[in-house]
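**Q**
Protein chains: 2
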Amino acid sequence: MTTRRKPSMLDVAKRAGVSQTTVSYVLSGRKDVVIPEATRKRIWQAAQELGYRPNSLARGLVRGKTQTIGVLMPRMDSSFHALIMDGIQEVCTAQDYRVLLADSRHNADLEARQVEMLLEHRVDGIISIAVAGEASGDWVRLLKREGVPLVIVDEHTFEGEADCVISDDVLGARLLVEHLIQLGHRRIVHLSAGTEMSAARDRRTGYLLALQASGIEPREEWIRGDSFFMPVERIRQVVEELLDLPEPPTALFAANDDLAAEATHVARELGIAIPAQLAVVGYGNTEVGRHLQLTTVHQDPRLMGQIAARRLLRRLQETEMPVKCIVLPTRLIVRESCGSSLKTQN
Amino acid sequence: MTTRRKPSMLDVAKRAGVSQTTVSYVLSGRKDVVIPEATRKRIWQAAQELGYRPNSLARGLVRGKTQTIGVLMPRMDSSFHALIMDGIQEVCTAQDYRVLLADSRHNADLEARQVEMLLEHRVDGIISIAVAGEASGDWVRLLKREGVPLVIVDEHTFEGEADCVISDDVLGARLLVEHLIQLGHRRIVHLSAGTEMSAARDRRTGYLLALQASGIEPREEWIRGDSFFMPVERIRQVVEELLDLPEPPTALFAANDDLAAEATHVARELGIAIPAQLAVVGYGNTEVGRHLQLTTVHQDPRLMGQIAARRLLRRLQETEMPVKCIVLPTRLIVRESCGSSLKTQN
DNA sequence: AGGCATCACTGAAAGGTTTCACTGATACGC
DNA sequence: GCGTATCAGTGAAACCTTTCAGTGATGCCT
């Protein structure tokens, strides 16, 4: 059994008794060229019989477009990232675009190399999810120079240089903390995700704004934590520090639901009753938060992905759209973990 | 500003004063061809100055290999799928392979079209995650005919026709249910995920085996549920049916942790105390399960992804390996939700 | 001095498609 | 019967790389 070459357009052309050009016109469905139905049928049949499959590489090479977008992200592990991807996929699949994945494994060098990889593959545009740090500025500007459209999700550090899709985290955090203050809390600590990512910064900002608006002087030792991706032991250590303060907090605002869930565990292990002795609130409205009855702020990562993808695909058509930052609204979801008697829907 | 063409090898060649062939040899790092260091330097510099970026499409076209694998999955929403992806990504990124994503949105037609799409892109191989149904048999056999390596994750329906990576779900379910029986339960119901996916079938099988081994006659009305992806309302309805039986169950085995979590909610809403009145166990050892203190069986989706990717990449080298089904061991994790006093590690 | 090996390259084909500029042939109007 | 449209295609270049088969020019051996 000789491993035979895959059939090409030329093979189809020969079998159908026409030129390769005609096959191309028919198979790529160009309707501005007149080919009678009979000929089309012959070509379709020949293609069918040979098991012909168009070669996207050759097509991309000559067209200069690949109908492929690149998606860059630090890792594909949390459900937040997964849901953003799901939204992107949904839109891209519906519009017949392909998705080439690139992860940076939380490593700036690799991130830059992955961007290079995507460009080598001649993707038509790039969506980057929650990418961080000033180091990323280099490739963000590179893409701009090269004219490769970029949409950044959940990060607005490069607002003005690329489209971005974020949620209103300052407001969300503020709503959450104001809710705690209304419940009578004054010593509210923040399990933070650091300052590298804008989402983390914004939530901290909203926290501080809420305190200040109520005349509560924020204390330096009330804020701990440095990333959304701290290993569990680190989270536990930080939470213990916060709970062991000389004047212990009565409420804790975690930068996302996962951190809040972990904080809940630690508190329980320390014999602290929730919400009686400690109110805990999270951020993001994840499944974990729902199951733990966590008061939180609603976020819709799938929608963020959809919007990002739609924006990118639109930009591939209309090149000259002004860059913008799309901010999704947030909404407070009150559940048991904060000890509130009020309940919102959902 | 004229939109100028991207620099090609020929441009680099001209600038460095050598032939295109030489540039190719130097830039693709072939060490079997002798080119003095001075020439290499000149070429690297020329490439640098021009901002040359190799074109993977052209390379793939001539090489007949793309260093790209396709990943097919129903959707990218659950963290189970995300973690499998993460494992795949990790291995592929490390070995300098790219990942082209294709989702079928739980639709058999689209699934077949996505496979076709991957083949048009000339991927070197395909990993398919939790793909189901006899309809998939068509493209599984197609890939075999075309000689495109395939690894199937979390599904062994096509064992023998393609490599697969699964966990020992029959055993896992059996351990779980035997544990319940040891705790004294006799009326154990199963919130099932139907019969379409092998994982769901296997867990049901393990459940039945455990009952039979203890001389408990399984009743038809003890098994309800038809998919891992039931909408929440459907899950609730099914759980209520199970809990409302004339002789109510004392234990419930859900086909995965998410279903178990939902069942827990429903039970609580019905005023049923867990584990006092109803023991609940799940499957998969997910974050949700951990936070709910759910007794479960450990699964490592990231590892499954890694193993699948390693298997596929290896098969791309050694074409003639026999097909095999890799079965990962499972491990019982006892927590509070089953009312057991024994505790295992983790 | 002649033969051979190695060095440092080069030319051209091949890979599969799209697209522009054509070309015969038929039909139609007058 | 002639000019012009439309029809139904075709030929060849272009896209960018890899790779095979060479080719002069040295260096070395005997």
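Protein sequences, first through last, are from chains A and B. Take the first sequence: its letters are residues 1 to 346, numbered as in our numbering. Take the second sequence: its letters are residues 347 to 692, numbered as in our numbering. C-beta atoms are modelled at their ideal positions from N, C-alpha and C, and glycine is treated no differently. Since the structure is predicted, the reported quantities are computational estimates derived from the model, not experimental observations.
Over what stretch of residues does the beta strand (DSSP E) that includes Val445(B) continue unbroken?
**A** Start and end: Arg444 to Asp449.
**Q** Would you mind working out which of Pro322(A), Pro275(A) and Thr319(A) sits nearest Ser337(A), comparing C-alpha positions?
**A** Looking at the Cα atoms, Pro275(A) is the closest of the given residues.
**Q** Report yes if the CB atom of Ile473(B) is closer than 8 Å to the CB atom of Val437(B), and no otherwise.
**A** No. Outside cutoff.
**Q** With respect to the beta strand (DSSP E) encompassing His298(A), which residues constitute its N-terminal and C-terminal limits?
**A** Its beta strand (DSSP E) spans residues Thr296 to His298.
**Q** Do you know how far the Cα of Arg53(A) is from the Cα of Glu466(B)?
**A** Taking the straight line joining both Cα atoms gives about 6 Å.
**Q** Name the two residues that bound the continuous beta strand (DSSP E) containing Pro289(A).
**A** The amino acid occupying residue 289(A) in the given sequence is Gly; Pro does not appear at that position. Note, Gly289(A): premise wrong, no beta strand (DSSP E); alpha helix (DSSP H) at Glu287 to His291.
**Q** Let me confirm a value: His291(A) is counted as buried when at least 16 other C-beta atoms fall within 10 Å, else exposed. Which label applies?
**A** Buried.
**Q** I need the DSSP call for His599(B), collapsed to helix, strand or coil.
**A** For the sequence presented, residue 599(B) should be read as Phe rather than His. Reduced to three states, the DSSP call for Phe599(B) is strand.
**Q** Quick one: measure Cβ to Cβ for Ala515(B) and Gly571(B), integer angstroms, because I've assumed they're closer than 8 Å.
**A** First, the residue type needs correcting, since residue 515(B) is Asp and not Ala in the sequence shown. No, Asp515(B) and Gly571(B) are not in contact; Cβ-Cβ is about 15 Å, not under 8 Å.
**Q** Give the residues of chain A in contact with Pro400(B), contact being defined as C-beta atoms less than 9 Å apart.
**A** Result: Glu120.
**Q** Which class does Ile326(A) belong to by DSSP, given the choice of helix, strand or coil?
**A** Ile326(A): strand per DSSP, three-state reduction.
**Q** Could you name each continuous alpha helix (DSSP H) segment of 4 residues or more that falls completely within the segment 72 to 141 of chain A, going from the start of the chain to the end?
**A** Correct list: 79 to 94 and 108 to 120.
**Q** Give the range of the alpha helix (DSSP H) segment to which Leu270(A) is assigned.
**A** Looking at the DSSP string, Leu270(A) is not in any alpha helix (DSSP H), and its letter there is neither H nor E.
**Q** How many Å lie between Arg648(B) and Glu37(A) at the Cα?
**A** Taking the straight line from one Cα to the other gives about 51 Å.
**Q** CB of Asp11(A) to nearest heavy atom of the ligand ADP: below 7 Å?
**A** This structure lacks the ligand ADP, and indeed carries no ligand of any kind.
**Q** Helix, strand or coil for Asp515(B)? Go by DSSP, reduced to three states.
**A** Here Asp515(B) sits in helix by DSSP.
**Q** My understanding is that Leu446(B) touches Leu464(B), with C-beta atoms under 8 Å, so please give their C-beta distance in whole angstroms.
**A** So it is a contact: roughly 6 Å between Cβ atoms.
**Q** Determine the burial state of His502(B): buried for a count of at least 16 other Cβ atoms within 10 Å of its Cβ, exposed for fewer.
**A** Buried, by the Cβ-count rule.
**Q** Could you name the residues of the segment 139 to 168 of chain A whose beta carbon sits closer than 8 Å to any beta carbon of chain B, in the order they occur along the chain?
**A** Correct list: Gly147.
**Q** Using a beta-carbon distance below 8 Å, is Val12(A) in contact with chain B?
**A** No, no contact with chain B.
**Q** Which first and last residues belong to the alpha helix (DSSP H) in which Val151(A) is found?
**A** Where Val151(A) is concerned, there is no enclosing alpha helix (DSSP H), although the beta strand (DSSP E) it sits in stretches over Leu150 to Val153.
**Q** Against chain A, with Cβ distances strictly below 8 Å, would Glu633(B) count as a contact?
**A** For Glu633(B), the answer is yes, since a Cβ of chain A falls inside 8 Å of its Cβ.
**Q** Would you mind working out which of Val232(A), Gln114(A), Thr68(A) and Arg15(A) sits nearest Glu49(A), comparing C-alpha positions?
**A** When each option's Cα is compared against that of Glu49(A), the closest is Arg15(A).
**Q** Just the C-alpha distance for Lys626(B) and Glu287(A), rounded to the nearest angstrom, thanks.
**A** The identity of residue 626(B) in the sequence shown is Val, whereas the question assumes Lys. Using only the alpha carbons, I get a separation of about 18 Å.
**Q** Can you tell me whether Asn401(B) is buried or exposed? The criterion is at least 16 other CB atoms within 10 Å of its CB, across all chains shown.
**A** The residue is buried, with at least 16 neighbouring Cβ atoms inside 10 Å.
**Q** Within a Cβ cutoff of 8 Å, which residues of the same chain sit near Ile272(A), ignoring the five residues on either side of it in sequence?
**A** Contacts found: Leu243 and Leu278.
**Q** Please decide whether Arg444(B) counts as near chain A, where near means a Cβ-Cβ distance under 8 Å.
**A** Yes, because at least one Cβ of chain A sits closer than 8 Å to the Cβ of Arg444(B).
**Q** Determine whether the beta carbon atoms of Met419(B) and Val511(B) lie at a separation below 8 Å.
**A** Not closer than 8 Å, so no.
**Q** Rank Ile498(B), Ile527(B) and Ala559(B) by C-alpha distance to the C-alpha of Ile653(B) and give the top, closest one.
**A** Checking every option, the nearest Cα to that of Ile653(B) belongs to Ile498(B).
**Q** Taking buried to mean at least 16 other C-beta atoms within 10 Å of its own C-beta, is Ser450(B) buried or exposed?
**A** Result: buried.
**Q** In three-state DSSP terms, what is Thr68(A)?
**A** Strand at Thr68(A).
**Q** Taking the alpha carbon of Ile672(B) as the point to measure from, which residue in Ala655(B), Glu664(B) and Gly685(B) has its own alpha carbon closest?
**A** Ranking the options by Cα distance to Ile672(B), first place goes to Ala655(B).
**Q** Under 6 Å Cβ to Cβ from Arg47(A), same chain only, skipping five residues before and after it: list those, please.
**A** Looking at the sequence provided, one finds Ala at residue 47(A) rather than Arg. Correct list, in chain order: Val12.
**Q** Straight-line CA distance for Arg661(B) to Asp509(B)?
**A** About 10 Å.
**Q** Starting from Arg677(B), trace the beta strand (DSSP E) in both directions and tell me its first and last residue.
**A** Per DSSP, Arg677(B) belongs to the beta strand (DSSP E) from Arg677 to Ile679.
**Q** Thr665(B) versus chain A: which residues are under 8 Å apart at the beta carbon?
**A** Those do not exist, as Thr665(B) stays about 10 Å from chain A at its closest Cβ, beyond 8 Å.
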